[in-house]
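Structure first, then comments.
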Amino acid sequence: MTLRPMRLEDVQAVWQIEQESQLSPWSMDSFASSLHAGYAAFVYTDDDTIIGFIVAMIRSQECQILNICIAAQYRQQGFGQQLMQHVLALAKQQGATTALLEVRQSNHSAIALYHKLGFNEISVRPNYYPSKNGREDAWVLAKQII
Numbered sequence: 069m070t071l072r073p074m075r076l077e078d079v080q081a082v083w084q085i086e087q088e089s090q091l092s093p094w095s096m097d098s099f100a101s102s103l104h105a106g107y108a109a110f111v112y113t114d115d116d117t118i119i120g121f122i123v124a125m126i127r128s129q130e131c132q133i134l135n136i137c138i139a140a141q142y143r144q145q146g147f148g149q150q151l152m153q154h155v156l157a158l159a160k161q162q163g164a165t166t167a168l169l170e171v172r173q174s175n176h177s178a179i180a181l182y183h184k185l186g187f188n189e190i191s192v193r194p195n196y197y198p199s200k201n202g203r204e205d206a207w208v209l210a211k212q213i214i
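In the numbering used here, the protein residues as written are 69 to 214.
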């Protein structure tokens, strides 16, 4: 397994994982725009196959985790945690003191991971995400990076 920076040629494979995993997925243009904007973006590969990714915006003293996803057959094996730890370490190196993210209230496995990493809920965005049954709240979580 290899963790490396995301490249433009990775966008199709990253988007495919996103499509298979998310109810309201990013577009390929969103991933490409993130790379052009200089966001921190990394992929995990198994040989040459992308199995997961993370995209974060590190600006000033804040790191905003924008998107993270692991392909279904690779979940619950620690890859999401390793991607998060990598980006948090990078954010700390770049002077960030706070990390923020939002998550669907129903995404219990992601919430458990974020709690394990020291994130705590700081607010709720009501009816933020589209869902199969209408709308779903987003929880905003934060962590001090020390």
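Note that the Cβ used here is the ideal one computed from N, Cα and C, for glycine as well.
So what does DSSP say about A109, is it helix, strand or coil? strand
Could you check which residue in L169, L151 and R172 has the C-alpha nearest to that of F121? L151
Whether L103 touches S199 by CB criterion (8 angstroms): no
For M69, does the count of other Cβ atoms within 10 angstroms reach 16, so buried, or fall short, so exposed? exposed
Three-state class that DSSP yields for L134 in the structure shown: strand
Report yes or no: do the region 114-128 and the region 172-179 share at least 3 C-beta pairs separated by less than 8 angstroms? no
Provide the residue span of the alpha helix (DSSP H) that contains I179, from first to last. H176 to K184
How is A157 classed by DSSP in three states: helix, strand or coil? helix
Would you check if the distance between the CB atom of A167 and the CB atom of I214 is smaller than 8 angstroms? no
In chain order, what residues of the same chain lie with their CB nearer than 8 angstroms to the CB of R72, ignoring the 5 residues before and after it? F110, V111 and T113
Test item: CB-CB of G148 and I133 under 8 angstroms: no
Three-state secondary structure (DSSP) of F147: helix
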